[in-house]
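Enquirer:
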Amino acid sequence: MTQNILKNFINGKWVEAKTEKYNQVPNPATGEILAEVPISTVDDVNDAVIAAKEAFKTWSKTPVPKRARILFKYQQLLVENWDDLAKLITIENGKSFTEAQGEVLRGIECVEFSAGAPTLMMGKQLPDIATNIESGMYRYPIGVVGGITPFNFPMMVPCWMFPLAIACGNSFILKPSERTPILANRLAELLQEAGLPDGVFNIVHGAHDVVNSMLEHKDIPAISFVGSQPVAEYVYKKGASHGKRVQALAGAKNHSIVMPDADLDSSVKEIIGAAYGSAGERCMSCSVVVAVGEVAEALIEKLIQSADAIEIGNGMDEGVFLGPVIRSEHKAKTAKYIEVGQDEGAVLLRDGREDACMTEAGYFIGPTIFDNVTTDMRIWKEEIFAPVLSIVRVKTLEEAIEVTNESDFGNGACLFTQSGHSVRYFRENIEVGMLGVNIGVPAPMAFFPFSGWKNSFYGDLHANGSDGVEFYTRRKMLTARWS
Ligand code: NAD
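So, in structure tokens, the structure goes:
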């Protein structure tokens, strides 16, 4: 065992999990073991719920500006610790340090949005719905909220959840990914330093047992989940069957359509960033390029050139763009997908299995490009979540949109063009929730909802923005007669 045995954070204290089971947490760039994460039990969840429920009594009645002030302080601490947080992200997740710095910024923006709670939580009134009768809507927190997060954004995704949930007066239990659990503990330390009362924010590390206990617990009325599609669907259904409100953000297969009138250099730069940044392990990654008409040849040539120039290595090293994938199993699964693509008849233009990084101790795999991919292939249908890009060739924008809409997923889609008409046609006909025009990763900022469609989202209210406020609050309607 390493010295770094992670603890749960319950009622403002670091406590050992009531478990014998621990998972190792390796640095994906080196294989070195960074920590041991407890696979906590139902007893640990129960302890956290008792603490969170007790804390809720006072926290929910704490004046909203006072709650917001703690978030202002937290924002300051996150800014002061920016690079240290980014380093933790790179070490446990593998993404480049520059990307990790960007992820910290995305987290900070969520805290900044949440600090607007006094405005966000305002209700509405109408003084005269009938003679001498007024009506008003008041907003209240809902109780103990559970958050379950994925490995790929150890800071940003938890920050989609707990800052807003606690700003709205809820208490919170976070179950971070057991594959990237380290940063969450630092987020808790800084929250405590910012003055958050004990029990308002808690962490229970672990895997499915923790998730299932949260989904079944009668004192957790709401669950925010982000992760893969099958688990999101499961969490949504199970949570709903236990009477909870659930928002479950899921997997993706994002298409970038490139028109013949696109500015090729900037399109290629954006697509390369979106396909291979964070090793393709982003729910807004570009995994399919749809080349329209005669653009294909020049586009492909430039994509290969740019992919060849990518620096692969440890994300902490200067100039590295493509880090490792999260685990050796994921590297093996990616290599298997490349085999599948070849068997299905796609043309392998660039084979990431041949890059020198493959022989290193970390879980590296180079940028891969398939041409002539069709919608009956598994490499088109399934989320690979790795640096593998598929190219589909079509003749028209209409056909490109048909291909994109055929996907079961509906997270993001991008169009590269100079034509306003094409943009309008794309916007009106694409069945996807987050659109980009001449932008590779159209992830909305914290003040807008993260708006995936189809199998990329289960629920009614998305994360962030006004949806987030609705999700973390419930209303009272007061109708009063004063004669
Ligand atoms: P994952 O589904 O394996 O894990 C997510 C969380 O669910 C983790 O905390 C994990 O412990 C838990 N979990 C896993 N299997 C479970 C099971 N059988 N029962 C109960 N809980 C379980 O996802 P991941 O691999 O950590 O993250 C990558 C996935 O997340 C990708 O599919 C990606 O597209 C998706 N994602 C989506 C968004 C979005 O906004 N739509 C954002 C980030 C990531």
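Residue numbering for the sequence shown follows my numbering, starting at 313 and increasing by one per position. Ideal Cβ positions, reconstructed from N, Cα and C, are used throughout, including at glycine.
For K265 and D720, which I take to be in contact (beta-carbon distance under 8 Å), what is that distance rounded to the nearest angstrom?
Expert: With the chain covering only 313 through 795, there is no way to say anything about residue 265.
Enquirer: Given the structure, does R418 come close to the ligand NAD, in the sense that its CB is under 8 Å from one of the ligand's heavy atoms?
Expert: Checking the Cβ of R418 against the ligand NAD gives no.
Enquirer: What do you reckon, is the C-beta of R594 under 8 Å from a heavy atom of the ligand NAD?
Expert: Yes - the ligand NAD has a heavy atom lying nearer than 8 Å to the Cβ of R594.
Enquirer: Taking the C-alpha atoms as reference points, what is the distance between V602 and T402?
Expert: For V602 and T402, the distance between alpha carbons rounds to 31 Å.
Enquirer: Return the chain-ordered list of same chain residues with a C-beta closer than 8 Å to the C-beta of M596, the five sequence neighbours on each side being excluded.
Expert: Contacts found: A564, N566, A586, N723, G724, M746, V753, P754, A755.
Enquirer: Please indicate yes or no: does the CB of Q541 lie closer than 8 Å to some heavy atom of the ligand NAP?
Expert: The model on display carries the ligand NAD but not the ligand NAP.
Enquirer: How many angstroms separate the CA atom of I454 from the CA atom of G539?
Expert: Roughly 23 Å between the two C-alpha positions.
Enquirer: In three-state DSSP terms, what is M670?
Expert: Three-state result, M670: helix.
Enquirer: Apart from the five residues just before and just after A363, which ones in its own chain have a Cβ nearer than 7 Å to its Cβ?
Expert: Excluding residues within five positions, the ones whose Cβ falls inside 7 Å are I322, N323, G511, N514.
Enquirer: Helix, strand or coil: which one does DSSP assign to N524?
Expert: Residue state, collapsed to three classes: helix.
Enquirer: Distance, Cα to Cα, E501 vs F368?
Expert: The straight-line gap from Cα to Cα measures roughly 19 Å.
Enquirer: May I have the straight-line CA-CA distance separating I382 from N684, to the nearest angstrom?
Expert: Near 54 Å, if we compare the C-alpha coordinates of N684 and I382.
Enquirer: DSSP state of W472, grouped into three classes?
Expert: Reduced to three states, the DSSP call for W472 is helix.
Enquirer: DSSP has M689 in a bridge; who is on the other side?
Expert: BP columns for M689 are empty, so no partner.
Enquirer: Between S447 and the rest of its own chain, which residues show a CB-CB distance below 6 Å, the 5 nearest in sequence each way excluded?
Expert: If we look at S447 and ignore the five residues flanking it on each side, its Cβ neighbours are L438, I441, T791.
Enquirer: Using only the heavy atoms of the ligand NAD, determine whether one of them is closer than 8 Å to the beta carbon of E714.
Expert: Not so, every heavy atom of the ligand NAD lies at least 8 Å from the Cβ.
Enquirer: Count the other CB atoms, across all protein chains shown, that sit within 10 Å of the CB of G555; report buried if there are 16 or more and exposed otherwise.
Expert: Its Cβ having fewer than 16 others within 10 Å, G555 is exposed.
Enquirer: State the CB to CB distance for the pair I622 and F633, rounded to an integer number of angstroms; the pair is presumed to be in contact (CB under 8 Å).
Expert: With 8 Å as the limit, I622 and F633 qualify as a contact, their Cβ atoms being about 5 Å apart.
Enquirer: Tell me the DSSP secondary structure of D683 in three-state form.
Expert: DSSP places D683 in strand when its eight states are reduced to three.
Enquirer: Among the candidates A506, Y548, P377, Q559, whose CA atom is the shortest distance from the CA of P761?
Expert: For P761, the nearest C-alpha among the options comes from Q559.
Enquirer: Quick one, which of C726, V652, D667 has its alpha-carbon nearest E694's?
Expert: Per the Cα distances, V652.
Enquirer: For A519, which option in P462, N497, S568 has the closest C-alpha, if you only look at C-alpha atoms?
Expert: Nearest of P462, N497, S568 to A519, Cα basis: P462.
Enquirer: So, do the stretch 606-613 and the stretch 686-693 have three or more beta carbon pairs nearer to each other than 8 Å?
Expert: With a cut-off of 8 Å, the stretch 686-693 and the stretch 606-613 do not count as touching, because too few Cβ pairs lie within range.
Enquirer: Across the stretch 567-577 and the stretch 526-542, are there enough close Cβ pairs to call them in contact, namely three or more that are closer than 8 Å?
Expert: No: fewer than three Cβ pairs fall under 8 Å.
Enquirer: Does the Cβ of Q541 have 16 or more other Cβ atoms within 10 Å, making it buried, or fewer, making it exposed?
Expert: It counts as buried.
Enquirer: If you reduce the DSSP assignment to three classes, tell me which class V652 lands in.
Expert: The answer is helix: DSSP assigns V652 an H, G or I state.
Enquirer: So what's C598 in DSSP terms, helix, strand or just coil?
Expert: C598 falls in the strand class under three-state DSSP.
Enquirer: Distance check for E328 and F759, CA to CA, integer angstroms please.
Expert: Going from the Cα of F759 to the Cα of E328 covers about 37 Å.
Enquirer: For V580 versus T708, is the C-beta distance shorter than 9 Å?
Expert: No, these two residues do not count as a Cβ contact at 9 Å.
Enquirer: Do P340 and G635 have their CB atoms nearer than 9 Å?
Expert: Contact: yes.
Enquirer: Does DSSP put N323 in a helix, in a strand, or in coil?
Expert: Note: N323 maps to coil in three-state DSSP.
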